[in-house]
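In what follows, a structure is listed as structure tokens, so that the remarks can point back to it.
Chains as they are written, first to last, in this note's numbering: chain C, 1 to 350; chain D, 351 to 700.
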């Protein structure tokens with residue numbers, strides 16, 4: 001297995017530049033975007049050049065570090081006020097993933113705890129962002145190791161979207177579980193939903209699993225039910241963009257249908273995510289704002305028309321899988337089980 | 351509502367030329383293919399330039415007419431032998447839809463019943479093909495009118511793939527039901543699964559419903575479960591490529607997942623198809639050969655790569671929905687209900 005942390009690295013901060021692997025260009029081109037101002041980071045998040053809940057949290061934190069280091073504010077107070085505005089702008093780029101808001105909140109809190117000189121505030125922001133970056137990798141490895149037992153005897157696993165190294169700093173959440181499971185179950189084969197409309201499965205999951213030499217096969221999303229019926233699938237494992245306090249899971253559009261099909265076939269359905277994806281202030285999935293994306297994501301592919309020009313398109317980026325379809329939430333502190341309002345509260349109180 | 355039979359017409363036979371609307375080019379280009387030999391008809395079926403179970407049955411029948419009229423065989427016997435070979439080649443283009451085999455069988459039977467002069471055999475083949483063409487339209491209108499009552503009070507209906515005028519000679523099966531329902535329920539809105547990988551929903555269903563002024567919205571296949579949960583959907587209605595004697599339904603990949611999601615939400619799931627799509631000799635869905643299509647349908651869109659070059663792809667064209675998920679089969683002789691082995695046998699014995 002190659003080192004998926006550095007090669008390809010998803011997000012980093014080097015010599016005052018936020019470096020992002022351009023995920024919109026993958027797998028055709030493997031290029032990095034060099035952001036020298038925070039606005040470019042915001043654009044990269046909005047345009048899905050960097051995507052995946054944990055990755056956009058870290059990218060936004062580095063955007064704050066970049067804003068702090070390049071600010072013309074003279075006093076610590078002025079810088080804090082400026083950072084609050086930058087944080088709002090970064091947070092507005094995508095509404096559903098809670099990691100974005102969470103990372104910005106952590107950075108701003110630590111900035112406010114620093115002494116009020118400009119340099120202290122800058123140092124606090126930069127070191128906080130770097131710590132979030134390092135923690136994300138450690139968290140993913142813990143998630144992977146905690147979930148590996150669930151795939152111990154499995155011949156196949158199915159996943160949706162990309163909850164991999166590319167969606168995080170490295171290793172991945174759902175794909176972290178698969179990576180850890182492979183260590184003791186190297187024959188494990190991965191069915192990859194292509195994940196329309198942005199094709200994060202066909203483009204990104206197939207790319208990073210292929211890079212790691214993990215056996216996988218891409219299917220259209222509509223083929224998942226057939227695969228669950230005909231193949232010996234041990235589990236479905238997906239990531240999450242926000243998990244409510246009751247265990248309802250917002251994740252990429254198509255996740256809910258996969259969860260229904262998994263339940264129909266008696267295949268356990270697991271969600272792998274860090275605690276930072278769980279929002280104790282969101283009581284249920286009904287409270288989660290679902291981002292509506294441009295019609296062009298459905299109506300065109302790389303400039304070639306799919307639908308007639310006149311066609312109406314409904315393009316929600318996410319759906320909500322009710323907690324009753326979720327057989328476990330794999331986190332860095334262990335596997336949470338139903339009733340989730342109890343297990344989630346306990347995880348946050350420890 | 352415009353005349354969907356002639357404009358756009360799917361398949362016709364004019365002055366010794368089989369004319370096919372090029373469905374692979376839709377909706378970007380609206381062009382007709384002029385086939386002057388049966389081999390071009392076979393290629394059009396294999397390449398999905400004409401698709402939809404009833405439409406490929408009629409196209410193949412016209413291919414036989416063209417083969418008969420252009421044959422150099424002198425005797426009726428020689429012509430019959432040649433037509434048997436042409437029929438085998440046409441039948442081999444696609445294995446799942448039974449209408450193809452059915453139409454070829456009808457044409458060959460009538461050719462054999464004609465007097466043994468060459469001209470009589472030619473006349474029998476051409477007139478049989480023209481009759482199948484005319485009957486298909488009448489059959490679709492009967493299917494539509496029989497199914498309309500099922501959508502009488504519905505605000506929304508959801509469909510998958512294209513079982514419309516473009517999949518038939520005109521009017522359509524599933525879309526025929528929607529067209530007939532619209533006459534008394536003009537506010538009916540259609541959710542259109544885009545239907546990966548070939549996008550018959552996003553490209554073709556959206557095109558023909560738009561042409562007819564029927565209100566519709568395209569979604570990715572993965573959004574269907576969310577739509578079934580959040581919208582007031584009265585029914586799911588789809589077509590079929592083959593229906594077994596026990597009511598199991600082979601249809602476009604993704605149909606099975608839609609049927610599971612419909613049942614999960616208590617939304618009735620109907621299949622609209624002519625009796626010629628039911629194969630009494632296929633006892634159950636397990637006996638249906640599922641066509642495997644090229645990986646490129648999933649891996650590329652109009653030449654632009656989606657997956658990494660190294661990616662494995664599994665691309666079955668169809669899936670099988672078990673009869674227990676089917677709430678009714680809408681045919682030209684009425685709505686068949688479970689137990690299907692009884693209702694189907696009765697329909698064939700009348």
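In this text, a Cβ means the ideal position worked out from N, Cα and C, and glycines have one as well.
- Inter-residue distance for residue 486 of chain D and residue 458 of chain D is about 18 angstroms (C-alpha atoms, whole angstroms).
- Of the other Cβ atoms in all chains shown, 16 or more fall within 10 Å of the Cβ of residue 596 of chain D; this residue is therefore buried.
- Counting along the chain, residue 678 of chain D sits inside no alpha helix (DSSP H); it lies in the beta strand (DSSP E) bounded by residues 678-681.
- Proximity of chain C to residue 643 of chain D at the Cβ level (cut-off 9 angstroms) is not reached, the minimal Cβ distance being about 11 angstroms.
- Closer than 8 angstroms at the C-beta level to chain D, one finds these residues of the segment 8-28 of chain C: 27 and 28.
- At least 8 angstroms separates the beta-carbon of residue 592 of chain D from that of residue 586 of chain D.
- Listed along the chain, the chain C residues whose CB falls inside 8 angstroms of the CB of residue 656 of chain D are 194, 199, 202, 203 and 301.
- Between residue 220 of chain C and residue 433 of chain D, the alpha-carbon positions lie close to 38 angstroms from each other.
- Residue burial annotation: residue 208 of chain C is buried, with at least 16 other C-beta atoms found within 10 angstroms of its C-beta.
- If you look at residue 123 of chain C, you'll find it isn't in any beta strand (DSSP E); it sits in the alpha helix (DSSP H) that goes 118-147.
- For the pair residue 430 of chain D and residue 472 of chain D, the CB atoms are not nearer than the 8 angstroms cut-off.
- The residues 191, 233 and 236, in chain order, have a CB closer than 6 angstroms to that of residue 158 of chain C in the same chain once the five nearest residues on each side in sequence are set aside.
- Counting only Cβ-Cβ distances below 8 angstroms, residue 588 of chain D has no contacts in chain C at all, with the closest Cβ about 12 angstroms away.
- Residue 633 of chain D sits exposed, since fewer than 16 C-beta atoms from the chains shown fall within 10 Å of its C-beta.
- Taking a Cβ-Cβ threshold of 8 angstroms, none of the residues of chain C is close to residue 619 of chain D; the smallest such distance is about 13 angstroms.
- Residue nearest to residue 88 of chain C within the set C/265, C/336 and C/38 is C/38 (criterion: CA-CA distance).
- Against chain C, a Cβ distance below 8 angstroms from residue 648 of chain D picks out 194, 202, 218, 219 and 220.
- A buried status is given to residue 193 of chain C, since no fewer than 16 other beta-carbon atoms sit within 10 Å of its beta-carbon.
- Neighbours of residue 660 of chain D in chain C, taken as residues at a C-beta separation under 7 angstroms, are given in chain order as 210.
- Neighbours of residue 607 of chain D across chain C, judged by C-beta separation under 7 angstroms: 222, 224, 225, 257 and 261.
- Just so you know, the alpha carbons of residue 11 of chain C and residue 29 of chain C end up roughly 17 angstroms apart.
- At a cut-off of 8 angstroms between beta-carbon atoms, residue 247 of chain C makes no contact with chain D.
- Its Cα nearest to that of residue 213 of chain C, the residue D/662 stands out among D/422, D/662, D/450 and D/564.
- According to the DSSP assignment, residue 318 of chain C belongs to the beta strand (DSSP E) that extends over 318-321.
- A distance below 8 angstroms separates the beta carbons of residue 228 of chain C and residue 265 of chain C.
- Taken in chain order, the complete alpha helix (DSSP H) segments of 4 or more residues contained in the segment 548-620 of chain D are 556-561, 574-580 and 605-614.
- Membership of residue 407 of chain D in the alpha helix (DSSP H) is indicated by the continuous run 403-420.
- Between residue 400 of chain D and residue 392 of chain D, the beta carbon gap of about 11 angstroms keeps them out of contact (Cβ cut-off 8 angstroms).
- Counting every other CB atom within 10 Å of its CB across the protein chains shown gives residue 153 of chain C a total below 16, marking it as exposed.
- For residue 316 of chain C, the chain D residues whose Cβ falls inside 8 angstroms of its Cβ are 573 and 576, in order along the chain.
- Three or more Cβ pairs closer than 8 angstroms define a contact, and the segment 196-210 of chain C falls short of that threshold against the segment 512-527 of chain D.
- For residue 207 of chain C, the residues of chain D that pass the 7 angstroms Cβ criterion are 658, in the order they occur in the chain.
- About 28 angstroms separates the Cβ atoms of residue 611 of chain D and residue 646 of chain D, ruling out a contact at the 8 angstroms cut-off.
- Beta-bridge partners of residue 35 of chain C (DSSP): C/18.
- Residues of the same chain with a CB within less than 7 angstroms of the CB of residue 617 of chain D, apart from the 5 flanking positions on each side, are 578, 583, 585 and 586 in chain order.
- Across the structure, residue 206 of chain C and residue 491 of chain D are spaced so that their CA atoms are roughly 45 angstroms apart.
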